[in-house]
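The working numbering puts the first residue of the sequence shown at 13, with every later residue one more than the last. We put the beta carbon where it would ideally sit given N, CA and C, even for glycine. All of these numbers come straight from a predicted model, not from anything done at the bench.
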Amino acid sequence: MSDYDLDRARPDTLKIVPIGGLGEIGKNTMAIVYGDDMMLVDAGLAFPTDEMIGVDLVLPNIEFLVKHQKKLKGLAITHGHEDHIGGIPYLLKEMPIPKIYGPALALGLIESKLKEAGLEETTDLQLVRPRQRVKLGCFEVEFIRCTHSIADSFSLIIRTPVGVVVHTGDFKFDFTPVDGELYDFASLARAGEEGVVLLLSDSTNTEREGFTPSEKTVWKKLNEVFANASQRIIVTTFASNVHRVKQVLNAAMGYGRKVAILGRSMHKFAELARELGYASYPDDLLIPVEQVRDYPPDQVVILTTGSQGEPLSALTRIANDEHKLIKIEPGDTVILSATPIPGNERLVSNTINKLFLSGAEVIYGRNEGVHVSGHACREEQKLMLNICNPKMFMPIHGEYRMLVGHAELAVECGVERDKVFVLDNGDVLETDGETGSIAGKVESGIRLVDSNREWMIDEEIVEERRQLSEDG
């Protein structure tokens with residue numbers, strides 16, 4: 013239920029409107045409005061839960077955006093993960109986006125999506141470089157380098173009529189990044205000196221103490237596994253984790269192994285990473301999956317999708333003995349270089365069990381050293397708060413308990429309690445730069461995509477499917 017009328021709101025206040033990404037993991041989409049100007053930060057999707065039978069994707073309700081589309085000046089992209097860019101084609105089907113600004117890797121992925129959907133002529137993709145500033149109506153958006161689990165990520169410094177707003181995007185502070193691209197602390201500190209009125213900060217790992225380990229720590233464990241493996245090595249990770257993919261390819265080259273890539277998204281990212289210079293490897297490193305059996309087991313690496321136990325992914329089909337070309341053999345080493353997204357734990361556990369049953373050695377779990385998070389833990393979140401020294405704080409990107417925990421952390425770091433705001437999707441934070449308040453709520457909720465039936469379906473249809481599956 014909505015009770016907020018933007019057209020009747022005070023024109024001299026800044027409005028922060030989370031469309032998705034609060035109280036949940038995924039669907040990260042945010043509108044920022046002042047007067048007749050609106051900008052968006054990211055436009056993501058989420059993946060369905062087990063109960064959403066026949067649903068391919070979950071999107072946020074965009075009624076508010078469609079209603080006020082004439083105000084939209086552009087979309088700023090922080091990075092290329094699906095929960096930040098996956099909703100763009102669906103958004104473009106319902107409303108125009110004048111320009112989309114983002115880093116090279118994200119724009120390459122967006123361009124591919126738009127071509128698949130026949131939408132490549134509907135918007136203007138604008139490449140931005142670190143520290144570049146872009147005008148979106150009354151907003152000046154500065155893109156600064158940040159470190160995350162995907163290459164080419166940005167935090168945003170947004171200069172508005174009421175003051176400076178910092179949107180961290182997804183971030184961690186990696187002091188030894190694989191690509192050597194450090195977080196731009198200098199620009200962040202300058203924003204802090206200028207005076208940050210509002211900090212919007214990633215809350216995903218607020219329940220974890222300390223610092224998130226560097227991506228480089230994974231290399232030591234990968235190197236150890238490759239040195240000791242006597243047969244095939246099968247590695248699964250997020251295809252978007254270009255740094256991790258690069259490390260697997262480097263390990264394969266170092267130990268004289270050929271690499272077969274399974275999964276459309278893994279192929280896409282590997283090609284794009286090479287094209288944009290994020291990964292470098294000789295042409296003869298990669299072999300078609302059909303040629304895997306032509307090589308001795310100790311000369312092969314299989315890099316595959318399926319780190320989340322997705323039912324149709326390559327690794328799941330291998331674990332279920334349903335893959336036409338790859339069968340698990342006793343002595344194979346399988347590395348799960350990822351942790352389950354909340355809600356996927358059972359799927360991942362099933363896959364691991366089946367791999368063990370087939371005789372594989374499976375290396376998985378946070379304590380094995382084959383994966384590190386791309387999100388800041390509590391000490392990094394404190395550092396972000398202290399560098400920005402914001403007048404007001406709003407936690408973003410996380411389930412509700414994570415948002416609350418991050419809000420408490422902000423109070424510990426000196427932000428006044430009545431200037432810390434925990435919102436839900438659709439809530440509107442209004443601020444004049446000095447104080448703020450939750451002024452009401454706009455249309456919110458979810459939209460479900462079923463690519464087989466029609467691109468948007470009702471929740472009632474999904475509930476009917478669920479009941480039928482239970483009743484038999």
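Should residue i go down as buried or exposed, given a rule of 16 or more other Cβ atoms within 10 Å for buried?
| i | result |
| --- | --- |
| aspartate 48 | exposed |
| proline 30 | buried |
| proline 72 | buried |
| asparagine 398 | exposed |
| aspartate 344 | buried |
| aspartate 24 | exposed |
| phenylalanine 187 | exposed |
| glycine 371 | exposed |
| serine 456 | buried |
| glycine 410 | buried |
| glycine 377 | exposed |
| serine 481 | With a pLDDT of only 44 at serine 481, under the threshold of 50, the placement of this residue in the model should not be trusted; the figure read from the coordinates follows. Classification for serine 481: exposed. |
| glutamine 393 | buried |
| arginine 141 | exposed |
| glycine 426 | exposed |
| glutamate 334 | exposed |
| glycine 32 | buried |
| lysine 127 | exposed |
| arginine 22 | exposed |
Quick check on residue i: does DSSP put it in helix, strand or coil?
| i | result |
| --- | --- |
| lysine 336 | coil |
| leucine 117 | helix |
| valine 474 | Low confidence applies here, because valine 474 scores a pLDDT of 45, under 50, leaving its location unreliable and the question unanswered by this model. |
| glutamate 373 | strand |
| methionine 404 | strand |
| isoleucine 122 | helix |
| valine 45 | strand |
| glycine 448 | strand |
| isoleucine 65 | coil |
| valine 461 | strand |
| leucine 480 | For leucine 480, the predicted model reports a pLDDT of 41, less than 50, meaning its position is unreliable and no value from the coordinates is stated. |
| arginine 22 | coil |
| proline 108 | coil |
| aspartate 54 | strand |
| glycine 417 | helix |
| valine 78 | helix |
| lysine 85 | strand |
| glutamine 144 | coil |
| asparagine 272 | What sits at residue 272 in the sequence shown is alanine, not asparagine. Alanine 272 falls in the strand class under three-state DSSP. |
Verify the contact flag: residue i, CB atom, against every heavy atom of the ligand GTP, threshold strictly below 6 Å.
| i | result |
| --- | --- |
| glycine 204 | This structure simply doesn't include the ligand GTP, nor any ligand for that matter. |
For residue i, I'd like the list of residues in its chain whose CB is within less than 6 Å of its CB, leaving aside the five on either flank, ordered along the chain.
| i | result |
| --- | --- |
| aspartate 95 | Gly38, Asn40 and Gly56 |
| arginine 171 | Glu152 |
| leucine 359 | Gly321 |
| alanine 201 | Ile399 |
| leucine 327 | Thr248, Thr316 and Gly318 |
| valine 53 | Met42, Ala88 and His179 |
| leucine 121 | Gly92 |
| threonine 221 | One detail in the question is off: residue 221 reads as glutamate in this sequence, not threonine. Arg390. |
| glutamine 81 | Met107 |
| glycine 149 | Asp49 and Lys85 |
| leucine 415 | Ser215, Pro407 and Val434 |
| isoleucine 473 | Unreliable placement is indicated for isoleucine 473, whose pLDDT of 49 sits below 50; no coordinate value is reported for it. |
| glutamate 313 | For clarity, residue 313 is valine in the given sequence; the question names glutamate instead. The answer, listed in chain order, is Ile245, Ala264, Arg269 and Val271. |
| tyrosine 112 | It is isoleucine, not tyrosine, that sits at residue 112 in the sequence shown. Result list for isoleucine 112: Leu87, Thr135 and Leu137, in chain order. |
Tell me which same chain residues have a C-beta within less than 7 Å of the C-beta of residue i, skipping the five on either side of it?
| i | result |
| --- | --- |
| aspartate 19 | none |
| lysine 83 | Val45, Asp48, Asp49 and Met50 |
| leucine 131 | Pro101 and Leu104 |
| leucine 261 | Val271, Ala291, Tyr293 and Leu297 |
| histidine 255 | Ala163, Val190, Asp191 and Glu227 |
| alanine 203 | Ile169, Val176, Val178 and Cys400 |
| aspartate 17 | none |
| proline 225 | Val384 |
Among the residues of its own chain, which have a CB less than 8 Å from the CB of residue i, if the five just before and after it don't count?
| i | result |
| --- | --- |
| alanine 116 | Leu139, Asp164 and Leu288 |
| aspartate 15 | Gly452 and Lys453 |
| leucine 421 | Thr218, Arg390, Gln393, Lys394 and Leu397 |
| valine 230 | Arg256, Gln259, Ser349, Gly381, Val382, His383 and Val384 |
Let me see if you follow: with CB-CB separation under 7 Å, is residue i close to chain C or not?
| i | result |
| --- | --- |
| glycine 355 | Looking at the structure shown, chain C is missing, and only one protein chain is on hand. |
Requested in this report: Mind listing, in chain order, the continuous alpha helix (DSSP H) runs of no fewer than 4 residues lying wholly within the segment 295–362?
Outcome: 326–331
Query raised in the report: Of all the alpha helix (DSSP H) runs that stay within the bounds of the segment 151–229, which reach a length of 4 or more residues?
Result: 197–206
Query raised in the report: So, do the segment 152–170 and the segment 381–395 have three or more beta carbon pairs nearer to each other than 8 Å?
Result: Two segments are said to touch when three or more pairs of C-beta atoms, one from each, lie closer than 8 Å; by this definition the segment 152–170 touches the segment 381–395.
Query raised in the report: Are three or more beta carbon pairs between the segment 305–314 and the segment 265–280 nearer than 8 Å?
Result: When C-beta atoms of the segment 305–314 are compared with those of the segment 265–280, three or more pairs fall below 8 Å, so the two segments count as touching.
Query - Meets three-Cβ-pair contact criterion under 8 Å: the segment 317–336 and the segment 244–252 - result: yes
Query raised in the report: Any chance the segment 107–114 sits against the segment 56–66, with 3 or more Cβ pairs inside 8 Å?
Result: no
Requested in this report: Just list the beta strand (DSSP E) runs in the segment 231–267, keeping only unbroken ones of 3 residues or longer that don't cross its boundaries, in chain order.
Outcome: 245–248
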